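Numbering (this note's numbering), first residue to last: 67 to 451. Backbone N, C-alpha and C fix where the C-beta goes; we use that ideal spot for every residue, glycine too. These numbers come from a predicted model, not from an experiment. Below is one structure; the comments refer to it alone.
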Amino acid sequence: MNLNTTAGSTAVIGSTGSVGCQTLEVLSHLGIRPAALAANSDAAGLERQCRLYRPDTAALFDKSAARDLKIRLADTGIKVLSGADGVNEIAASADTVFNSASGIAGLAPTMAAVKNGRLLALANKESLITAGNLVMKTAAETGSFIRPVDSEHNAIWQCLEAGNPPSRLILTCSGGPFFGYKKEQLENITAEDALRHPTWSMGTKISIDSATLMNKGFEVIEAAYLFSMPTDRIEVVVHRQSIVHSMVEFSDGSVKAQLSCPDMRLCIMYALSYPRRADGDGLIERLDFTKNMNLDFSPPDTSVFRLLPLAGEAMKRGGVIPAVLNGANERAVGLFLEGRISFRGITDSVEAVTSSFENYPADSLEAVYAADLEARKKIDEYFNI
Numbered sequence: 067m068n069l070n071t072t073a074g075s076t077a078v079i080g081s082t083g084s085v086g087c088q089t090l091e092v093l094s095h096l097g098i099r100p101a102a103l104a105a106n107s108d109a110a111g112l113e114r115q116c117r118l119y120r121p122d123t124a125a126l127f128d129k130s131a132a133r134d135l136k137i138r139l140a141d142t143g144i145k146v147l148s149g150a151d152g153v154n155e156i157a158a159s160a161d162t163v164f165n166s167a168s169g170i171a172g173l174a175p176t177m178a179a180v181k182n183g184r185l186l187a188l189a190n191k192e193s194l195i196t197a198g199n200l201v202m203k204t205a206a207e208t209g210s211f212i213r214p215v216d217s218e219h220n221a222i223w224q225c226l227e228a229g230n231p232p233s234r235l236i237l238t239c240s241g242g243p244f245f246g247y248k249k250e251q252l253e254n255i256t257a258e259d260a261l262r263h264p265t266w267s268m269g270t271k272i273s274i275d276s277a278t279l280m281n282k283g284f285e286v287i288e289a290a291y292l293f294s295m296p297t298d299r300i301e302v303v304v305h306r307q308s309i310v311h312s313m314v315e316f317s318d319g320s321v322k323a324q325l326s327c328p329d330m331r332l333c334i335m336y337a338l339s340y341p342r343r344a345d346g347d348g349l350i351e352r353l354d355f356t357k358n359m360n361l362d363f364s365p366p367d368t369s370v371f372r373l374l375p376l377a378g379e380a381m382k383r384g385g386v387i388p389a390v391l392n393g394a395n396e397r398a399v400g401l402f403l404e405g406r407i408s409f410r411g412i413t414d415s416v417e418a419v420t421s422s423f424e425n426y427p428a429d430s431l432e433a434v435y436a437a438d439l440e441a442r443k444k445i446d447e448y449f450n451i
């Protein structure tokens with residue numbers, strides 16, 4: 067089956083990560099050969115993908131790893147690019163760019179894609195968190211179409227297809243592995259504990275963000291940019307089953323919801339095959355409504371999971387504060403995974419750094435990157451590192 071409604075060449079940025087691997091699986095299902103693959107530093111992993119999917123071009127952000135990859139692929143005829151310039155060249159050149167890079171490293175490829183008017187399937191949430199105004203403004207100027215891949219935003223996008231303006235957006239949240247915990251119960255949480263997500267299979271960093279509910283806070287910021295919705299009209303509810311992925315309320319009080327088994331490949335497939343719906347048989351598990359199925363909803367405990375409301379506050383402050391929030395969180399999560407700080411230390415430090423940061427306009431990528439770097443330094447200062 068060839069359902070390449072994203073006519074032309076397709077590139078996958080972050081192809082060796084969790085979402086990137088699932089994207090390649092979906093592309094194969096749709097009969098689409100990727101023209102280019104890019105990743106951070108996994109030369110062995112990218113070599114395997116190149117030999118399996120046969121792209122024309124491959125790139126690694128890490129220049130040393132790119133040299134290794136070039137040697138590994140010497141017999142294939144695949145062109146190997148290196149460094150940020152190489153990754154950005156791929157993002158600027160392909161007709162469709164699927165960006166699943168992790169962290170703020172995904173911002174530059176996003177900007178390269180939208181500056182060149184590319185169709186962007188966006189799974190890198192940091193692009194909008196740190197520089198949402200710049201990304202959306204540039205996309206509007208060039209005609210770049212951004213298709214959201216995150217399950218919540220993909221669900222909202224589907225619910226809005228009729229064209230009626232929404233009055234409220236409702237993002238669902240599994241609650242993470244520590245749903246129902248009190249503050250004191252979070253004191254001795256280990257990385258192994260935090261990585262056990264109840265319903266989704268995800269990468270390491272995003273799993274920790276889901277455990278603190280920072281990920282859901284980031285998704286509120288994303289939704290505000292993607293759907294031009296103020297944060298006070300974006301609600302988060304805990305839904306442990308992860309069957310309802312988001313809901314949209316309209317002016318008459320009616321609500322549309324998108325339901326499916328929790329599988330990122332469905333969101334990826336919709337982003338790649340839109341406006342058509344591809345055949346998911348053999349790839350996507352179907353819901354069985356003949357089985358007993360309970361769908362429960364409850365409010366999140368923001369007194370325990372304080373990073374969720376902090377994201378809304380950061381969005382309201384604007385400027386570089388969302389970039390500060392992201393940079394501080396990335397650094398704190400990294401320290402936690404290294405065993406250098408406690409799980410509660412993530413929330414305490416990110417809250418302290420973000421709340422006290424002196425704001426300024428995020429009117430350039432240079433300003434965003436400077437704020438990101440300063441936030442990381444302040445996290446180190448907080449812990450006397």
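If you draw a straight line from the Cα of Ala167 to the Cα of Glu192, it is about 9 Å long.
Boundaries for His95: no beta strand (DSSP E) harbours it, while the alpha helix (DSSP H) harbouring it runs Ser84 to Leu96, taken from the DSSP string. Boundaries of the alpha helix (DSSP H) harbouring Phe284: Met280 to Leu292, taken from the DSSP string.
Of all C-beta pairs linking the region 403–416 to the region 247–266, three or more are shorter than 8 Å, placing the two stretches in contact. Excluding sequence positions up to five before and after Val390, its CB lies within less than 6 Å of the CB of Thr420, Phe423, Ala437 and Ala441, all in the same chain and listed in chain order. DSSP places Arg410 in the helix class (H, G or I) of the three-state scheme. In this structure, DSSP gives His311 an extended state, which the three-state scheme calls strand.
Taking 8 Å as the cut-off, the Cβ atoms of Cys333 and Asn450 do not count as close.
Per DSSP, Arg213 is not a residue of any alpha helix (DSSP H); the beta strand (DSSP E) it occupies stretches across Ile212 to Pro214.
Non-local beta-carbon contacts of Val434 in its own chain, meaning distances under 6 Å to residues more than five positions away in sequence, involve Thr196, Ala197, Ala389 and Ala428 in chain order. Below 8 Å, enough C-beta pairs join the region 147–161 and the region 94–111 to call them touching: three or more. Under DSSP, Ile79 takes part in a beta bridge, and its partners are Ala104 and Asn165. Cβ-Cβ distances below 7 Å link Gly83 to Ser166, Ser168 and Gly269 in the same chain, with the five nearest sequence neighbours on each side left out; the list follows chain order. Beta-bridge annotation (DSSP): Cys239 is paired with Val304. Between Ile309 and Asp329, the C-beta spacing is not below 8 Å. Excluding the 5 residues flanking it on each side, Arg234 has same chain C-beta neighbours closer than 7 Å at Arg299, Glu301 and Glu315, in chain order.
For Ser369, there is no enclosing beta strand (DSSP E), since its DSSP letter is neither H nor E. Annotation for Leu401: Ile407 place their beta carbon closer than 6 Å to its own, counting only its chain and skipping 5 residues before and after. The bridge partners DSSP lists for Lys145 are Thr123. Residue pairing by DSSP puts Val321 in a beta bridge opposite Glu315.
Going by C-alpha positions, Lys248 is about 19 Å away from Lys282. Here Ala187 is bridged, per DSSP, to Phe164 and Arg213. Assignment of alpha helix (DSSP H) within the region 406–450, counting only whole runs of 4 or more residues, yields 409–422 and 431–448 in chain order.
For Gly348, the closest C-alpha among the options Thr278, Phe127, Glu91 and Met381 is that of Glu91. The region 202–217 makes contact with the region 172–189; the number of CB pairs closer than 8 Å reaches 3 or more. Going by DSSP, Asn392 is part of the alpha helix (DSSP H) stretching over Ile387 to Leu403. Three or more beta-carbon pairs separated by less than 8 Å are not found between the region 375–388 and the region 339–347, which leaves the two stretches without contact. Annotated three-state conformation of Pro232 is strand, per DSSP.
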